[in-house]
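Take the sequence shown: its letter number 133 is residue 133 in full-length UniProt numbering, and every next letter is one higher. From the three backbone atoms N, C-alpha and C, an ideal C-beta is built for every residue, glycine too.
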Amino acid sequence: MTDFHQNFNLFFDGLEMSRQHQNRSEQLKLHSHMGEGGIRRFVPRPDIEVVISDFTFHRNRKLLFGTQTAMVELNYCLQGKREIHVDGAHYEYVPGSCSLQFMNEVDVEFQFTGNHPYLMLGIGIPVSTFHHYMEEVGGTRSFDFFQIMGQRSFQMFQEAIDPAVSVILQRVLQSTQSSGTKNIEMECRILELISSTFQSFLIDGEPSHTKLPKRDWHKIREARDIILERMTDPPTLIELSRMIGLNDCKLKKGFKELYGTTVFGYLRDKRLEKAYQLLQQGMLNVTETSCEVGYSNCSYFSEVFRDKYGVNPGEFIRHSAARRDSNNHIEFL
Numbered sequence: 001m002t003d004f005h006q007n008f009n010l011f012f013d014g015l016e017m018s019r020q021h022q023n024r025s026e027q028l029k030l031h032s033h034m035g036e037g038g039i040r041r042f043v044p045r046p047d048i049e050v051v052i053s054d055f056t057f058h059r060n061r062k063l064l065f066g067t068q069t070a071m072v073e074l075n076y077c078l079q080g081k082r083e084i085h086v087d088g089a090h091y092e093y094v095p096g097s098c099s100l101q102f103m104n105e106v107d108v109e110f111q112f113t114g115n116h117p118y119l120m121l122g123i124g125i126p127v128s129t130f131h132h133y134m135e136e137v138g139g140t141r142s143f144d145f146f147q148i149m150g151q152r153s154f155q156m157f158q159e160a161i162d163p164a165v166s167v168i169l170q171r172v173l174q175s176t177q178s179s180g181t182k183n184i185e186m187e188c189r190i191l192e193l194i195s196s197t198f199q200s201f202l203i204d205g206e207p208s209h210t211k212l213p214k215r216d217w218h219k220i221r222e223a224r225d226i227i228l229e230r231m232t233d234p235p236t237l238i239e240l241s242r243m244i245g246l247n248d249c250k251l252k253k254g255f256k257e258l259y260g261t262t263v264f265g266y267l268r269d270k271r272l273e274k275a276y277q278l279l280q281q282g283m284l285n286v287t288e289t290s291c292e293v294g295y296s297n298c299s300y301f302s303e304v305f306r307d308k309y310g311v312n313p314g315e316f317i318r319h320s321a322a323r324r325d326s327n328n329h330i331e332f333l
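In structure tokens:
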């Protein structure tokens with residue numbers, strides 16, 4: 001069987017990026033006649049490939065190649081809209097979206113827009129590793145690559161990047177900017193990212209682990225989506241119950257069963273995860289961040305942030321700024 005890293009090599013070769021290795025960490029530069037920037041490739045262990053694409057093409061560009069072995073890929077689009085065509089179907093990657101892709105041997109056409117900055121993070125693993133991750137400690141496996149694929153050669157699931165995942169993504173990007181980051185650090189962060197995203201796409205998305213009727217399960221998932229969309233101005237529990245057509249008692253009980261916490265406990269955690277991300281970016285101060293995530297009382301926001309993360313938000317901003325200053329940004333030489 002062809003090494004799954006070869007799928008990535010074909011992508012790099014299609015972009016005319018000169019590489020030195022088949023499956024090793026390295027930095028690849030986009031040729032000046034094509035554009036600016038490049039790709040940072042990391043292989044923290046043999047069955048994980050991490051690719052950070054950070055480039056801008058001078059003009060519109062298409063890339064056509066065929067994958068040579070089955071694999072599973074997570075893709076996080078952080079900047080720049082991208083399109084692909086697979087087996088006659090059209091897919092879009094927009095900023096703020098996360099995609100889980102299952103692929104066999106398949107022809108793919110990528111379309112990039114010229115003079116449009118792209119920033120994407122991709123994680124690829126072979127099917128054997130996916131199966132290993134999906135096994136329970138007792139040896140049973142609820143998710144199988146070939147059952148998910150059926151007769152298809154490509155299957156993609158997509159959703160908005162969760163605030164908690166955004167926090168992990170920021171940590172991964174920071175790790176890649178430091179030449180002193182060890183493989184064990186990178187591997188731990190990537191596994192955390194894989195675990196969180198698989199949980200969202202597969203485990204939370206599969207009603208088999210709950211006794212709830214499928215109809216109620218779908219309504220509770222809808223309730224979760226509503227409170228995430230209306231994070232700064234959420235409905236009351238009664239309003240939320242009416243919006244999804246489920247009484248508040250069933251909503252409270254079912255939500256706790258699915259997500260292990262109350263509706264507003266879940267909302268609080270997601271607000272604080274988003275606040276963590278905003279403060280880490282350093283674009284907003286504490287008061288602005290508090291308002292951005294739905295807390296009108298800045299003092300209360302500081303208190304709950306400290307309870308969750310063990311540090312005051314103001315101090316967290318200073319520490320984040322110091323870390324950004326100390327990180328050596330990797331330039332594409």
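DSSP state of Ala89 mapped onto helix, strand, coil: strand
- request: Starting from Gly66, follow its DSSP beta bridges and name the residues at the other end.
  value: Asp107
- prompt: So, are the CB atoms of Ser196 and Ala160 less than 8 Å apart?
  reply: no
Given Val50 as reference, the closest of His131, Arg24, Gly139 and Leu64 once Cα atoms are compared: Arg24
- prompt: Among Ser53, Asn312, Phe145 and Gly180, which has the Cα closest to the Cα of His116?
  reply: Ser53
message: Between the alpha carbons of Asn312 and Ser302, how many angstroms are there, rounded?
response: 6 Å
query: For Cys98, does the count of other Cβ atoms within 10 angstroms reach 16, so buried, or fall short, so exposed?
result: Under this definition Cys98 is a buried residue.
- prompt: For Ser99, which beta-bridge partners are listed by DSSP?
  reply: Asn75 and Gln158
message: Under DSSP, the alpha helix (DSSP H) around Ser53 begins and ends at which residues?
response: Premise fails: Ser53 lies in the beta strand (DSSP E), Ile48 to Phe57, not in any alpha helix (DSSP H).
- prompt: Beta carbon of Arg19, beta carbon of Leu30: below 8 Å?
  reply: no
task: Would you be able to state if there are at least three C-beta pairs under 8 Å between the segment 291 to 305 and the segment 232 to 249?
output: With a cut-off of 8 Å, the segment 291 to 305 and the segment 232 to 249 count as touching, because enough Cβ pairs lie within range.
- prompt: If you count every other CB in all the chains shown that lies within 10 Å of the CB of Asn60, and 16 or more means buried, which is it?
  reply: exposed
query: Which partner residues does Phe42 have in the DSSP bridge list?
result: Val50
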